[in-house]
Every structure is written in structure tokens, then in C-alpha cells.
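Residue numbering for the sequence shown follows the UniProt record's numbering, starting at 1 and increasing by one per position. The beta-carbon is built from N, C-alpha and C at its ideal position, and this holds for glycine as well. The model shown is predicted, which means the values in this text are computed figures rather than measured ones. Notes for the one structure printed next.
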Amino acid sequence: MREPSGRLAAVAWDIDGTLIDSEPLHHRALLAACKALGTDLSDLPDQAFRGIHMGDVWRQISPRLASEVSEATWLASINAHYVEARGSLIALPQAVATIRALQRLGILQACVSNSSRSVVDANIDALGIGDAMAFSLSLDDVARGKPDPEPYLAACMRLGLEPSQVVAVEDSRAGAISARAAGLHVVGYRPSGGGFDDVDLEIDQLADVLTLFHPAANGS
1 MREPSGRLAA
11 VAWDIDGTLI
21 DSEPLHHRAL
31 LAACKALGTD
41 LSDLPDQAFR
51 GIHMGDVWRQ
61 ISPRLASEVS
71 EATWLASINA
81 HYVEARGSLI
91 ALPQAVATIR
101 ALQRLGILQA
111 CVSNSSRSVV
121 DANIDALGIG
131 DAMAFSLSLD
141 DVARGKPDPE
151 PYLAACMRLG
161 LEPSQVVAVE
171 DSRAGAISAR
181 AAGLHVVGYR
191 PSGGGFDDVD
201 LEIDQLADVL
211 TLFHPAANGS
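This is the structure:
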């Protein structure tokens, strides 16, 4: 583990695959939307687009769609299918408990997602954590999503903190690259272990984020 370069004051959470088991629903929504638009994508692996900016997904998928289908129509259909089925979403182990523990410690928290606003709102509502978050950033709030550093730079600006004071918790390579490029302290979360090229801390339990805010770990 690389030690933080300064005193940590906030956590910026990725949502999909980090706080909530949403990847299966994202995949089902993609397949359902494309089928409704006349294209069968059932050959795609379940994890084909894990953590990938939807603009990049569109660029890969669009050659298989009818020429009259626009990106806006395609994305709106995916989001509608996702939000409609949000009742199936399940929080990942320790996610809500860790957020509540940080809230009790007075640690600022925000959500930074590559998903559209309607999806981010559905996820936060399903988790019941809206009161613990200072704000959330969606793909609709930035010009460039992860792996570009813009989402995390924007989050730090809104938090009023230097990037070195903020922990990013990510489950995808694209998200970790985004946070690293922005200068945050990066935690890679993989319940199965491993898989990150350059993070400050790898964890397989979300509660381990709390260790970064113990006095000895936080320069106190």
C-alpha cells in the first residue's frame, strides 16, 4: 500500500460494481434496448463493457444497429430499461455500512459515475444513501467520462479539496486510470482480488476503506 501524500478528507465513490451489483442489469438493459431497436446482441460476454464510457460502447455497437438509430435514442432506451428494473438492484457487501461509518466520522463523500443521470439517481435511491452524499456526478455532468480525469477533477473542485486529499474507490481499470490521472489516492476494489495496474491500495472488502481514516493512517 502506498501511503497518502496528505491528510485524507473525502471519499469519491464509483457506483456500478463498487457500491451496487448493477453490472448484470446494465448488460440486460443494453441487450433489451438493442433488441427493441432490432438488433440481437446476445452473443456479447456479460462483462464486455464493464466500466466503459457509454460513448465508447456506442462506437463499438453502432455498426450492428440500423442506420436510422441515433446514439441519443439508443442511450435513452437503455436507461429506460435500467430504471424500470431498478427494483432488482442489490447493494454490494459492506457498501452501505461503510458509507454510514464514514458519515459518522464526518468524512465528505460523493459519487462519481460513468452512468447517465437517470441511472445514477436510480442507483443512489436503491442504496438509500442520498443523505450521505455531498453530491453525485454523472456522465451528463462532464464533457469526457472515465478514463479521462475530468470526472474526478470536477469532484475535487466541488468538494473544495486538493486531489491528494480525496480517496477514489473504483472496481474498474478505466475508473482507476481516471482517478490516478486526476491525482487522487486510488483504492482498487476487487472482491476476487487483483487486477489493477496502478492503485495505492487493493482491497477485497469495502470496509477496508475505513482503515485510511484511522488517525495513524491519516497523519494524526
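Where the alpha helix (DSSP H) containing residue i begins and where it ends
{"i": "L105", "result": "A95 to L105"}
{"i": "A72", "result": "E71 to E84"}
{"i": "V209", "result": "Unbroken run through V209: none, as it is neither H nor E."}
{"i": "G55", "result": "M54 to I61"}
{"i": "S118", "result": "R117 to L127"}
Residue i classed as buried or exposed, judged by whether at least 16 other C-beta atoms fall within 10 angstroms
{"i": "R144", "result": "exposed"}
{"i": "M54", "result": "buried"}
{"i": "L105", "result": "exposed"}
{"i": "D16", "result": "buried"}
{"i": "H185", "result": "buried"}
{"i": "A110", "result": "buried"}
{"i": "Q165", "result": "buried"}
{"i": "S136", "result": "buried"}
{"i": "H81", "result": "buried"}
{"i": "D200", "result": "buried"}
{"i": "G175", "result": "buried"}
{"i": "P163", "result": "buried"}
{"i": "A207", "result": "exposed"}
{"i": "residue 236", "result": "Shown here, the chain extends from 1 to 220; a query on residue 236 therefore has no answer."}
{"i": "G188", "result": "buried"}
Supposed contact pair residue j and residue i - C-beta distance, whole angstroms, cut 8 Å
{"i": "I20", "j": "A134", "result": "With a Cβ gap of about 19 Å, I20 and A134 do not count as contacting."}
{"i": "D14", "j": "V209", "result": "About 12 Å separates the two Cβ atoms, so there is no contact after all."}
{"i": "F213", "j": "L8", "result": "6 Å"}
{"i": "V83", "j": "A122", "result": "5 Å"}
{"i": "A10", "j": "I107", "result": "6 Å"}
Counterpart residues of residue i in DSSP-defined beta bridges
{"i": "L137", "result": "V112"}
{"i": "E162", "result": "Paired residues: none, contrary to the question."}
{"i": "G188", "result": "E170 and E202"}
{"i": "I20", "result": "D16 and A91"}
Residue i, enclosing beta strand (DSSP E) - first and last residue
{"i": "L201", "result": "L201 to I203"}
{"i": "V11", "result": "A10 to W13"}
Cutoff 8 Å; reference residue i; Cβ partners in own chain excluding five residues on either side
{"i": "S88", "result": "L25"}
{"i": "A85", "result": "L25, R28 and A29"}
{"i": "E23", "result": "D16, G17, D46, Q47 and R50"}
{"i": "L75", "result": "M54, W58 and S116"}
Cutoff 7 Å; reference residue i; Cβ partners in own chain excluding five residues on either side
{"i": "V142", "result": "E150, P151 and A154"}
{"i": "A181", "result": "P149"}
{"i": "N79", "result": "S116, S118 and V119"}
{"i": "S178", "result": "K146, P147, D148, P149, P151 and Y152"}
{"i": "A101", "result": "L210"}
Own chain partners of residue i with C-beta closer than 6 Å, once the 5 adjacent residues on each side are dropped
{"i": "G38", "result": "A66"}
{"i": "A132", "result": "I99, Q103 and Q109"}
{"i": "N114", "result": "H53, L139, G145 and K146"}
{"i": "C156", "result": "P163 and V166"}
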